[in-house]
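Single-structure report; data block below.
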Amino acid sequence: MFGNLGDMTKMLEGMQENASKLQAELESKTFSVKAGGGMVEVSINGKGEIVDLEIDDSLLEDKDSLQILLIGAMNDAYDMVQKNQQNSALSMLGGMGGKNPFGAA
Numbered sequence: 001m002f003g004n005l006g007d008m009t010k011m012l013e014g015m016q017e018n019a020s021k022l023q024a025e026l027e028s029k030t031f032s033v034k035a036g037g038g039m040v041e042v043s044i045n046g047k048g049e050i051v052d053l054e055i056d057d058s059l060l061e062d063k064d065s066l067q068i069l070l071i072g073a074m075n076d077a078y079d080m081v082q083k084n085q086q087n088s089a090l091s092m093l094g095g096m097g098g099k100n101p102f103g104a105a
């Protein structure tokens, strides 16, 4: 009914190893996003943690603009991380002979 349990165990161990490698690879990546023509730059790692922030001095006098640009840049950076995680997970599934559960190629 379940086939060879030894083979199934090996397959699960391989999947776990691949998932661990994928997680380490994602965590090592850094994504940078600029907003306001480069007046704000946010760098975020693959875990979704902000690791660097650069703000043009001219924005220090304009709190409202600074807030808007920071929110936009952080949201864009976070979106990049999420898309990278999804693409990496889907490619890992594809490498195991799986199909994309979302129906896209």
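Going by my numbering, the residue at position 35 of the sequence shown is 35; the numbering climbs one at a time, nothing skipped. Cβ atoms here follow ideal geometry from the backbone N, Cα and C, with glycine treated the same way. As the structure is a prediction and not an experimental result, all values here were calculated from the model.
Quick check on the burial criterion: 16 or more other C-beta atoms within 10 angstroms. Buried or exposed for Ile-44? buried
Simplified DSSP state of Asp-56, which is helix, strand or coil: coil
C-alpha distance - Ser-32 paired with Glu-25, whole-angstrom precision: So the two alpha carbons sit approximately 17 Å from each other.
Taking the continuous beta strand (DSSP E) assigned at Lys-34, which residues delimit it? Here the beta strand (DSSP E) through Lys-34 covers 30 to 35.
Element boundaries [beta strand (DSSP E), containing Asn-4]: In the DSSP annotation of this structure, Asn-4 is not part of any beta strand (DSSP E), being labelled neither H nor E.
Is Lys-47 near Glu-27, with beta carbons less than 8 Å apart? yes
Is it right to say Val-51 is buried, meaning 16 or more other beta carbons lie within 10 angstroms of its own, or is it exposed? exposed
Reduced DSSP secondary structure (H/G/I, E/B, other) of Ala-105: Unreliable placement is indicated for Ala-105, whose pLDDT of 47 sits below 50; the coordinate value is still reported in the next sentence. In the three-state reduction of the DSSP assignment, Ala-105 falls in the coil class.
For the beta strand (DSSP E) that Glu-41 lies in, which residues bound it at each end? Run containing Glu-41: 40 to 45, per the beta strand (DSSP E) assignment.
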